[in-house]
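**Student:** Residue 176 in the numbering used here sits at position 165 of the sequence shown; the count goes up by one each step and never skips.
Glycine included, each C-beta is placed from N, C-alpha and C at the ideal position.
Dropping the structure in here first, questions after.
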Amino acid sequence: MRGDALTRPSPLAVALVLIVIAIASVIDVKTRKVPNQIPLCIAVIGILDAVAGSHPEGNAAGERAMWFLVSLFYTLTVLLVTSRIARFICGRAGIGGGDIKLLSALAGIFGVESMMLVMFIACVTSVMFLYGWRIANLKRKQKEAQSSQKSSSFLIYNATFPFVPFIATGVIVCLKLANYL
12 MRGDALTRPS PLAVALVLIV IAIASVIDVK TRKVPNQIPL CIAVIGILDA
62 VAGSHPEGNA AGERAMWFLV SLFYTLTVLL VTSRIARFIC GRAGIGGGDI
112 KLLSALAGIF GVESMMLVMF IACVTSVMFL YGWRIANLKR KQKEAQSSQK
162 SSSFLIYNAT FPFVPFIATG VIVCLKLANY L
């Protein structure tokens, strides 16, 4: 996270976001969906934090609110376009709509640069998890694949998994790097 007051959220906002993202992780693991209320709640926290201007550096609240909205819409646009391209090339989106909304709301609070790091960490940790999961369950998947005449790579490719816990991991690492934790 950048250290300037323009994009650095208050400690209260960070604590509230961590609570909301923890709740979102549990919901995503259980249901494979991110309710619209989660990104909305994070966006409200970010807007209130930007407008409150409760930072010692004392940047203008209007300027912070504008950067919040610019970061949110920029990230939303990039992720939606990327998702559409993935859907066109692969026949399916690479990331869910709830994850896109969540990342966009988080970008409003933490800034686009930090969200790039969060997304990188989330992608790397999710790939590591999936490969570990695949190795651990390879024999079981091979038996299922033989019985249903589908390969294990087909089953893994078509499986969905919760991405919010990996986003949460990225946020925590990013906060740690910014000396918040």
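The alpha helix (DSSP H) spanning residue 176 covers which residue range?
**Tutor:** Position 165 of the sequence shown holds residue 176. Taken as a continuous stretch (DSSP letters only), the alpha helix (DSSP H) holding residue 176 covers 175 to 188.
**Student:** Please say whether residue 119 and residue 232 have beta carbons closer to each other than 9 Å?
**Tutor:** This structure cannot settle anything about residue 232, because the visible part of the chain is limited to 12 through 192.
**Student:** Closest to residue 43 by C-alpha separation, out of 174, 185 and 180, would be which residue?
**Tutor:** If you number the sequence shown from 1, residue 43 lands on position 32. When only C-alpha atoms are compared, the closest one is 174.
**Student:** Relative to the C-alpha of residue 105, which residue among 47, 131, 171 and 80 is closest?
**Tutor:** Within the sequence shown, the letter at position 94 stands for residue 105. Comparing Cα-Cα distances from residue 105 to each of 47, 131, 171 and 80, the minimum goes to 171.
**Student:** CB residue 177 to CB residue 137, shorter than 9 Å?
**Tutor:** Within the sequence shown, the letter at position 166 stands for residue 177. Within the sequence shown, the letter at position 126 stands for residue 137. Taking 9 Å as the Cβ cut-off, residue 177 and residue 137 qualify as a contacting pair.
**Student:** Mind checking residue 79: buried by the 16 CB within 10 Å criterion, or exposed?
**Tutor:** Walking along the sequence shown from the start, residue 79 turns up at place 68. Here residue 79 is buried, its C-beta having at least 16 other C-beta atoms within 10 Å.
**Student:** If you reduce the DSSP assignment to three classes, tell me which class residue 110 lands in.
**Tutor:** Residue 110 sits at position 99 when you count from the first residue of the sequence shown. Of the three classes helix, strand and coil, the one that applies to residue 110 here is helix, per DSSP.
**Student:** Less than 9 Å between the C-beta atoms of residue 39 and residue 45, yes or no?
**Tutor:** Stepping through the sequence shown from its first residue, residue 39 is reached at position 28. Stepping through the sequence shown from its first residue, residue 45 is reached at position 34. Result yes, Cβ atoms of residue 39 and residue 45 sit closer than 9 Å.
**Student:** If distances are taken between C-alpha atoms only, which option among 109, 181, 179 and 21 comes closest to residue 48?
**Tutor:** Residue numbering aside, residue 48 sits at position 37 when the sequence shown is read from its first letter. With distances taken between Cα atoms, residue 48 lies closest to 109.
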